Structures are given as structure tokens and as C-alpha cells.
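Worksheet for the structure shown next.
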Amino acid sequence: MNHNKYIKALIDNKRDVVGFGIIGLILIGLCIYGYISLNSLSIRLNTLSSSTNSLSIRLASTTEELQLAISNASSTLLNAISNENQNVQEQLGGVQSQVGSLSGTLTTLQKLSQTDPELLKKYSKVYFLNENYVPARLSEIPFAYQYSNNKQLLIHTDVLPHLKAMIDTASSSQITFYAFSAYRSFAEQKALKGEYTVNYGAGTANSFSADQGYSEHQLGTALDFISTGQGGVLDGFDNTMAYTWMTNNAYRFGFELSYPKNNGYYVYEPWHWRFVGVKLATYLHDNGLNFYDLDQRTIDNYLVNIWD
Ligand SMILES: [Zn+2]
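Just so it is clear: in the sequence shown, position 18 is 18 by our numbering, and no numbers are missing.
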């Protein structure tokens, strides 16, 4: 009985051992499953997090690219607009300068069309004034500027202010001179030459008096000057302070000495000055040149500025 009990107990004991073994195995299995599951979960979590990371990097890079693209596009657009604007402005500038130069040309042409071309012509044996030529406008020289009150002298109206300014300026420096002769008509010049020829003979008269038509006096822009202390004759004007003053200053008022000493075209006439405009007279003075030594084409360039 005892033996049976023992065996029974042993069998019961075995069952327990098997039961415990099974339970143990189940527990171990559960543990392994749990571990594996945890591991896989952590791997998935890792993958998810790295995916999120990569997604956020891609998002960031996409945002950056987008911003760059927008900035590029807007700067390209701005550049294009600014270029276009510049083009338009350049074109506008071109048009404006064309309009400016056109209006300048028109002004020049208008001035030239209103300026008597004879006023800057060189008079010689081959080029002379028509007997009918009369200056466009003549004015009386006030007696205060004339040497003699016996005869009213006339001068080109536009030269008169320059003449008065020159005499007034000299006078303010105690330099005194007067207009002795001014405009002479073709007929007057002819009569004068005839008179000289009768008195001095043709040879002598030719040396100091121009034939009618060759005289600058017919233009109304040439004058003979005389100073005090000359006894009323033109000779000796070059020994006066007035002559020295004129040599240094007449150009500022537009006058030049037509027939200087040792010139190749006419007898020396220190008293005879012609108005050619301030610009040309200054050019002659500054370069030590004589009016009659210049080419007519060079002289003609100054016609438009004669009254400036
Ligand atoms: Zn003269």
C-alpha cells in the first residue's frame, strides 16, 4: 500500500514536474515573444523616426528650394523689369537728345538764316561787295562817341552796343578815342576814292583807299578810330595809348585790326578796326592771327556766333 502510495505520489509528482515544465516553457516562450516583439517595435519605431527625419529633411530642403526658386524668379523678374525700365529710359534719353540736338540745329539754322553772310567775308580783288549792298539796319553813333559833330556817322545797329561798351570801358581807364569814320556807302566810297585820286594820284590813292566794293566800311561793321593829340589826322594812331589799349582789349568787344603792320594784302592801317564778333576776335587775338590770313571756310564757322 505504501508502495502504491509512493508510486502514486511519484506519479503525481511527475505530473507536477511536467505541469511546471510546461508552464515554465510557456513563460520562457512568452518572454522570448515579448522580447522579439519589443525589439521589432523598437526597430519599427526607429525606422519611423528616421522616416520622419528624412521627411522633415526633405520638407526642409523642399522649402529651401522653393524659397530659392521664388527668390530667383522674383530677382529675375525684377532684373527684367529694371532692364526694361533702363531700356525705356535710354530710348527716352536718346529721343530727348535727338530733340535737343534738333532744336539746337534749328536754332543755329535760324540764327544763320538771320545773319548776313557778308559780315564775315574777306574783301579782295576777287571778292567784293555789290554796289547795291546796304547793311540790314543802320544806327546813328551818338555824338559823344564821334570825333566830329559835323557829320552824323552811321553804324550797323547790332555793332553799336559793342562800340559803346568798348569806348566806355577804355574811358573808365582814362583812355580816350572816338569814331572818326564808320559806314560808307558804295557811292561815298567811290566819291572818296575819286577825291583821293585827284589829290594824290591813282598810285598813292590805291595804297591807302580801297576801291568801292572792296571797302569794309560799306558793311557798316568797320570803323576808323582817332585819339586826342593827333591833330585830327589818322596817321600816328599807333603811337597813342588808345592804340595800345585796343591791341590788348578790342577783341573783348569783338573788334579786330584788319590791316596790321607788314600784312600781305593791304597798306598798314592801325586806325581801321572791323567788328567780327567776340568769339572770332578772341580766337584771332589768342592765336596771334590776322583775319585775312584765315581761310574763308574757317571764318564762316564763326558767323553763327557773331552777335553773341
Ligand atoms: Zn577804314
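Backbone N, C-alpha and C define an ideal beta-carbon position, used for all residues, glycine too. Fair warning: this is a prediction, and the values are worked out from it, not measured in the lab.
By the Cβ rule, the segment 149-161 does not count as touching the segment 193-201, because fewer than three pairs are nearer than 8 Å. D224 has its CB nearer than 6 Å to a heavy atom of ligand 1.
DSSP places E195 within a helical segment (H, G or I) once states are collapsed to three. The segment 165-173 and the segment 239-255 touch, with no fewer than 3 CB-CB distances between them shorter than 8 Å.
With fewer than 16 other Cβ atoms inside 10 Å of its own Cβ, E140 counts as exposed. In this structure, H156 has its CB at a distance of at least 6 Å from all heavy atoms of ligand 1. Counting along the chain, the unbroken alpha helix (DSSP H) around I167 starts and ends at 160-171. A distance criterion of 6 Å places the beta-carbon of H272 in contact range of ligand 1, judged by its closest non-hydrogen atom. Taking F20 as the centre and dropping the five residues before and after it, the same chain places no C-beta closer than 7 Å to its C-beta. Sorting F180, T247, T62, V99 by C-alpha distance to the C-alpha of G231 places F180 at the top. With a cutoff of 7 Å on beta-carbon distance, Y259 and E269 are scored as near each other. Between the beta-carbon of N263 and that of N290 there is about 6 Å, and that keeps the pair under the 8 Å contact cut.
Cβ neighbours of T108 within its own chain (closer than 7 Å, five residues either side excluded): V304. Assignment of beta-bridge partners to E256 by DSSP yields R274. Under the DSSP assignment, I299 falls in the alpha helix (DSSP H) whose first and last residues are 296-300.
In the structure shown, S148 falls within a coil segment according to DSSP collapsed to helix, strand and coil. Classified as exposed, A136 has fewer than 16 neighbouring CB atoms from the shown chains inside 10 Å of its CB. Annotation for Q218: L129, Y133, R184, S185, F186, Q189 place their beta carbon closer than 7 Å to its own, counting only its chain and skipping 5 residues before and after.
Exposed is the label assigned to A80, since fewer than 16 other Cβ atoms lie within 10 Å of its Cβ. In the three-state reduction of the DSSP assignment, E84 falls in the helix class.
A direct Cα-Cα distance of roughly 12 Å separates L41 from S49.
S40 sits in a helix when the DSSP states are folded into three classes. In this chain, the alpha helix (DSSP H) harbouring Y243 covers 241-249. Pairing R274 with T221 gives a Cβ-Cβ distance under 7 Å. For S185, the secondary structure class from DSSP, reduced to helix, strand or coil, is coil. In the displayed model, I155 falls within a strand according to three-state DSSP.
Contact between V276 and D308 is absent: CB atoms are separated by about 12 Å, not below the 8 Å threshold. In the three-state reduction of the DSSP assignment, S61 falls in the helix class, which pools H, G and I.
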